[in-house]
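> Read in order, the letters of the sequence shown are residues 29 to 510 in the numbering used here.
Cβ atoms here follow ideal geometry from the backbone N, Cα and C, with glycine treated the same way.
I'd like to ask you about the structure that follows.
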Amino acid sequence: MEPNGHRSLDARIVAELREILGPGGIVDRATELKVYECDGWTIEKSAPEILLRPRTTAEVSAILKTLHRHEIAFVPRGAGTGLSGGCLPLGAPVMICTSRMNRILAIDLANRRAEVESGVVNLHVSNAVKAAGLFYAPDPSSQVACTIGGNIAENSGGPHTLKYGVTTNHVLGLELVLPDGEIAELGGPAEECCGYDLIGAIVGAEGTAGIVTRATLRLMREPEAHRTMLAIFADVNNATQAVSAIIAAGIIPGAIEMMDQLIIRAVEDAFHAGLPKDAGAVLIIEIDGLDAAMDEHARRVTELVRAAGAHEVRLARDENERATLWKARKRAFGAVGRLAPNYATHDGVVPRTRLPDILRAISAISARFDLQIGNVFHAGDGNIHPIVLYDERDPDQVRRAIEAGREILRACVEMGGSLTGEHGIGAEKMAEMPLIFSPDDLLVMSELRRVFDPAERSNPNKIIPAPGGCVEVVTPRRQVPI
Ligand SMILES: Cc1cc2nc3c(=O)[nH]c(=O)nc-3n(C[C@H](O)[C@H](O)[C@H](O)COP(=O)(O)OP(=O)(O)OC[C@H]3O[C@@H](n4cnc5c(N)ncnc54)[C@H](O)[C@@H]3O)c2cc1C
């Protein structure tokens with residue numbers, strides 16, 4: 029029996045699963061399973077007892093029927109790029125990975141829709157429709173690896189979701205295999221749907237309602253023109269004030285991203301993108317729309333950022349320079365590996381006008397916990413990503429990194445913000461949920477979840493804290509009292 033009351037795996041059940049999946053469909057060697065012991069939230073680790081790799085919805089359904097019969101809990105996994113421990117198996121011996129369900133099933137250019145399996149990599153959708161002048165708007169910086177299923181589970185955003193909206197705005201239909209193996213269809217290719225918004229309940233459910241196997245996605249037309257600018261500031265305070273100034277002036281750029289000095293230096297040392305290493309902060313601002321309006325909008329944005337204190341504004345002269353800037357931004361997390369053996373990327377939200385305050389608070393938290401913290405984030409959305417650097421070989425640094433992250437989240441909430449903009453609650457932030465939700469709110473969420481998963485066997489011990497319970501994680505061991 030698992031600690032959460034679900035049953036444990038045995039050889040007979042594994043044999044049944046092997047029968048469904050055939051050779052290559054199961055990973056059960058401890059050395060190979062180690063690869064799956066964490067996602068991008070590497071502070072917590074826990075490998076599954078077995079990994080299943082279905083190829084079709086029918087296989088997912090057969091697996092879930094078997095697990096249902098034996099009362100075994102499971103955790104869905106896409107590419108494992110999550111940053112909140114969402115696919116960490118906690119009391120779930122079975123992990124089900126969708127990476128072999130990676131077919132784009134249909135593209136309907138006339139209606140601007142794509143139907144894809146949930147293991148399709150995000151960027152592959154835009155690549156498949158690029159020649160037709162279309163794209164799939166939610167563009168997480170991890171888009172070269174993360175899957176549509178993971179994006180749906182986390183309601184992922186990205187630099188360009190400031191203007192175009194997050195995943196929930198782009199999912200029209202879903203195929204969901206419920207934890208008892210039944211296959212449900214939600215929504216469809218039509219633009220509007222009546223009744224309760226059940227897709228809205230599944231997008232952002234972090235895998236706690238079953239496994240998404242297929243999705244119908246909205247495609248957007250590529251804007252006619254872009255202007256991409258790098259605004260350079262002596263300090264982060266002015267850079268964050270510039271963000272509010274642009275939006276207050278009635279301009280909604282496609283993206284406004286910020287990097288502070290620690291991140292600029294790491295990115296520049298790693299990728300030589302021409303970023304100014306002596307700057308206190310930079311903003312990457314991209315406006316898009318009709319060609320005829322672009323130069324005027326770029327002039328206006330330049331004026332606004334200069335008035336806020338930018339001492340230089342560089343305009344990307346061609347597609348190459350634009351791509352270099354975006355590559356630098358989207359690879360920023362990778363460059364952080366040069367700064368410390370380990371890092372924890374946090375995700376909080378504040379009202380845009382409170383960005384200067386939260387960055388001051390983060391700087392104070394960094395000093396108090398004696399840990400370096402870099403900032404690279406979706407500034408236009410007020411969605412911060414403080415990156416806490418630490419060395420996991422030093423237990424005290426791990427403890428301080430966790431506590432510093434918690435303090436940052438508490439500061440976001442005190443400033444009228446929220447616990448996550450896009451990375452989800454996962455295992456990381458479950459204990460913080462009562463900061464923004466009352467016991468009644470959490471009960472309603474539990475009840476909604478149980479409509480889809482009455483026995484709570486799909487990704488147990490995530491998002492909603494059990495009253496009086498605790499989360500126990502191995503290596504490094506962490507107890508989170510709730
Ligand atoms: C370098 C880097 C940059 C990032 N940038 C961004 C960013 O800009 N914006 C952003 O939003 N996120 C970003 N992320 C976080 C992450 O990439 C996203 O959360 C992404 O959506 C996770 O997708 P995945 O396929 O890796 O899912 P996983 O990490 O495998 O899983 C994430 C969650 O989804 C569930 N899940 C996965 N597949 C399914 C399915 N088919 N059905 C049901 N549940 C499922 C899992 O159980 C888990 O709870 C970044 C991560 C990295 C490492």
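Which first and last residues belong to the alpha helix (DSSP H) in which Pro222 is found?
A small correction: the amino acid at residue 222 is Cys; Pro does not occupy that position in the sequence shown. Per DSSP, Cys222 belongs to no alpha helix (DSSP H) and is neither H nor E.
> Are there 16 or more other CB atoms within 10 angstroms of the CB of Asp469, so buried, or fewer, so exposed?
exposed
> Measure the beta-carbon distance from Pro488 to His34 and round it to whole angstroms, keeping in mind my assumption that it falls under 8 Å.
7 Å
> Taking 8 Å as the line, does the beta carbon of Asp409 fall inside it for any heavy atom of ligand 2?
Ligands in the displayed structure: ligand 1; ligand 2 is not one of them.
> CB Thr109 to CB Pro82, shorter than 9 Å?
Not closer than 9 Å, so no.
> Hey, how far is the Cα of Pro121 from the Cα of Glu65?
The alpha-carbon atoms of Pro121 and Glu65 are separated by roughly 12 Å.
> Between His406 and Ala283, is the Cβ-Cβ spacing less than 9 Å?
yes
> Take the Cβ of Val231 as the centre, count every other Cβ of all protein chains shown within 10 Å, and call the residue buried at 16 or more, exposed below.
buried
> Mind checking whether Ile135 and Glu143 have CB atoms under 9 Å apart?
yes
> Comparing C-alpha positions only, which one of Gly119, Tyr164, Pro187, Val63 sits nearest to Lys355?
Pro187
> On the CB-based measure, 16 or more other CB atoms within 10 Å of its CB, does Cys222 come out buried or exposed?
Cys222 should be labelled exposed.
> Verify the contact flag: Phe163, CB atom, against every heavy atom of ligand 1, threshold strictly below 8 Å.
Answer for Phe163: no, Cβ out of range of ligand 1.
> CB-CB under 6 Å to Gly315, same chain, minus the five flanking residues each way: which ones, in chain order?
What sits at residue 315 in the sequence shown is Ile, not Gly. Excluding its 5 nearest sequence neighbours in each direction, Ile315 has C-beta neighbours in its own chain below 6 Å: Arg255, Pro281, His325, listed in chain order.
> Does the region 173-188 come into contact with the region 256-276, if we say contact requires no fewer than three beta-carbon pairs (one atom in each stretch) closer than 8 Å?
Flag = no, the region 173-188 and the region 256-276 do not touch.
> Quick check: does the Cβ of Glu442 come within less than 8 Å of any heavy atom belonging to ligand 1?
no
> How many whole angstroms separate the CB atoms of Cys174 and Ala107, which I take to be in contact at a CB cut-off of 8 Å?
5 Å
> Can you have a look at Asn348 and say buried or exposed, based on whether 16 or more other CB atoms are within 10 angstroms of its CB?
exposed
> I'd like the list of long-range same chain contacts for Pro104, defined as Cβ closer than 6 Å, with 5 residues on each side in sequence excluded.
Ile124, Gly235, Ile239
> What whole-angstrom Cβ distance do Gly402 and Pro379 have, given they're in contact under 8 Å?
No, Gly402 and Pro379 are not in contact; Cβ-Cβ is about 22 Å, not under 8 Å.
> How is Cys125 classed by DSSP in three states: helix, strand or coil?
strand
> Which of helix, strand or coil does DSSP assign to Asp67?
coil
> Rounded to a whole number of angstroms, what is the C-alpha to C-alpha distance between Ala43 and Glu99?
16 Å
> Do the CB positions of Ala363 and Asp288 come within less than 9 Å of each other?
No.
> With DSSP collapsed to three states, give me the class of Val551.
The requested residue 551 does not occur in the structure, where the chain is confined to residues 29 to 510.
> For Cys498, does the three-state DSSP call read helix, strand or coil?
With a pLDDT of 47 at Cys498, under the threshold of 50, the modelled position of this residue cannot be trusted; read the value that follows with caution. In this structure, Cys498 counts as strand in the three-state DSSP scheme.
> For Tyr224, count neighbouring Cβ atoms within 10 angstroms of its own Cβ and tell me buried if that reaches 16, exposed if not.
exposed
> Drop a sphere of 10 angstroms on the beta-carbon of Gly454, count the other beta-carbons inside from all chains shown, and report buried for 16 or more, exposed for fewer.
buried
> Excluding sequence positions up to five away, which residues of its chain have a Cβ less than 8 Å from the Cβ of Arg46?
Around Arg46: Gly53, Ile54.
> Assign Asp38 to one of two classes, buried (16 or more other C-beta atoms within 10 Å of its C-beta) or exposed (fewer than that).
exposed
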